[in-house]
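Start counting the sequence shown at 1; every next residue gets the next number (UniProt numbering).
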Amino acid sequence: KRIAENGEENRVHQVEGSAESRGSQRAGCLSIVLSNASTSMKISNDERARLVEEIKKERDPDDGTSAYRRFFQRHQCRTKETPLPLINAFGHTGGVWVGTDVVADYVASPPLSQEAIERLPPALIVRGEHDFVTEKCTAGWKDIFGMGDHIKGIKEIVMGDCAHYCHFERPEEYGDVIESFCTEHDYRQAKQV
């Protein structure tokens, strides 16, 4: 058990012991969460450009909000104020947070071996209803995690009235989604070991 900064208890489930002490059970990843993650930066960038163009075609608001700001408010973060951790991250572009240029050619690909396919864990895809990482961007994960006879489960949750940063927009609901998935997969698998 861990105690969060707010004093609330967080449950953390761990698999005790090494793989050797558990006999034939192999250690490994029990589940994976793909939060607002595209399988291709090109597709993601194309979707972002398409959504920006849609916004540019709209009548400019009377308050003088730029198309970029409207895109941010609609498709990146729908909170009233930009969350401080996000402001800090954007302020460190080029340092720890380098932006998407370094992964511009990224395309997710399936495992190369049958053994690796069989070891894929259950996966959860989470994205916002208004996220620029659209269904088109995440569709490839279903192909990767739904391969072969191993299908352990792939689940997609689209969080209503959220954009790219759902964990800032609706943190409690986001936490509940993640906890539910991890409890279902990680805890159940840990108990079997």
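Beta carbons: idealized from backbone N, C-alpha and C, even for Gly.
By Cβ distance, which residues of its chain are closer than 6 Å to residue i, with the 5 residues on each side in sequence left out?
{"i": "Ser35", "result": "Val126"}
{"i": "Arg78", "result": "Ala163, Glu169"}
{"i": "Phe181", "result": "Leu124"}
{"i": "Glu184", "result": "none"}
{"i": "Ser21", "result": "Legend: pLDDT at Ser21 = 36, less than 50; position of this residue unreliable, value from coordinates given subsequently. Same-chain partners within the cutoff: there are none."}
{"i": "Cys29", "result": "Pro121"}
{"i": "Ile55", "result": "Ala67, Arg70, Phe71"}
Which residues share a DSSP beta bridge with residue i?
{"i": "Ile157", "result": "Val126"}
{"i": "Leu34", "result": "Ile125"}
{"i": "Ser40", "result": "Val107"}
Only counting the same chain, and skipping five residues up and downstream in sequence, which positions put a Cβ closer than 7 Å to that of residue i?
{"i": "Leu51", "result": "Phe71, His75, Phe132"}
{"i": "Gly140", "result": "Thr39, Ser40, Ala108"}
{"i": "Glu179", "result": "none"}
Determine the extent of the alpha helix (DSSP H) in which residue i is found, giving its start and end residues.
{"i": "Ala104", "result": "Note, Ala104: premise wrong, no alpha helix (DSSP H); not H, not E."}
{"i": "Arg174", "result": "The question names Arg, yet the displayed sequence has Tyr at residue 174. Tyr174 -> alpha helix (DSSP H) spans 171 to 182."}
{"i": "Asp143", "result": "135 to 145"}
{"i": "residue 199", "result": "Nothing in the structure corresponds to residue 199, since the chain is present only between 1 and 193."}
Suppose the cutoff is 8 Å on Cβ atoms and the five residues either side in sequence are ignored; what does the same chain contact list for residue i look like?
{"i": "Pro61", "result": "Arg70"}
{"i": "Lys136", "result": "Ile43, Glu47"}
{"i": "His130", "result": "Arg74, His75, Arg78, Asp161, Cys162, Ala163"}
{"i": "Met41", "result": "Thr100, Val103, Ala104, Asp105, Tyr106, Val107"}
{"i": "Lys155", "result": "Pro122, Ala123, Leu124, Ile125, Phe181"}
Inset, instruction - Take every Cβ of the region 165 to 185, pair it with every Cβ of the region 62 to 74, and state whether three or more of those distances are shorter than 8 Å. - result: no
Inset, instruction - Please confirm if the region 78 to 92 is in contact with the region 104 to 113, defined as three or more CB-CB distances below 8 Å between the two stretches. - result: no
Inset, instruction - Check whether the region 171 to 178 touches the region 138 to 145, taking contact to mean three or more Cβ pairs, one atom from each stretch, closer than 8 Å. - result: no
Legend entry - Runs of alpha helix (DSSP H) wholly within the region 51 to 87 (minimum 4 residues, chain order): 67 to 71
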